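For the sequence shown, the UniProt record's numbering begins at 1 and goes up steadily by one. Yeah, the Cβ is synthetic: ideal placement off N, Cα and C, and Gly gets one too. Note that the structure is a prediction, hence the values are computed from the model and not measured. Notes for the one structure printed next.
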Amino acid sequence: MQENFELEKCLSNILVYGLPERVSSTIPQRIEDDKTELLTLFEKSNISPAFSKVFQLSKIRAENPRPLKINMKSKSKTSQLLESFNDAKLVGV
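Take a look at the structure:
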């Protein structure tokens, strides 16, 4: 039962790779900067996100920016975001 709950929880997550690392000195400011960057990226692609949490995975490394994990509000919102992203990618956005 616990395993099913964890799987359902994971279905509401999206990983974003390649965004530049934020250089703010405080963690709350970096989180806000990440959210702002994501909103800007989504607006350019005409995607309306509905995320509840955003956080960096792993430790800071100089050679690669860390991936962002986005926790969406629901599994259906996750599906909509992925579908919108794929549609935007097909038209070259």
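From residue i to residue j, what distance separates their C-alpha atoms?
i, j, result
"F55", "R22", "12 Å"
"L11", "K75", "6 Å"
"S25", "I31", "11 Å"
"T40", "E3", "35 Å"
Using DSSP bridges, identify the partner residues of residue i.
i, result
"K59", "Bridge partners of K59: none, in fact."
"K9", "Beta-bridge pairing links K9 to no other residue."
Which word fits residue i, buried or exposed, when buried means at least 16 other C-beta atoms lie within 10 angstroms of its C-beta?
i, result
"D34", "buried"
"T78", "buried"
"I27", "exposed"
Among the options, which has the Cα closest to the Cα of residue i?
i, options, result
"K73", "P65, I14, R66", "I14"
Under three-state DSSP, which class holds residue i?
i, result
"residue 94", "This structure leaves residue 94 out entirely; the chain is present only between 1 and 93."
"S84", "helix"
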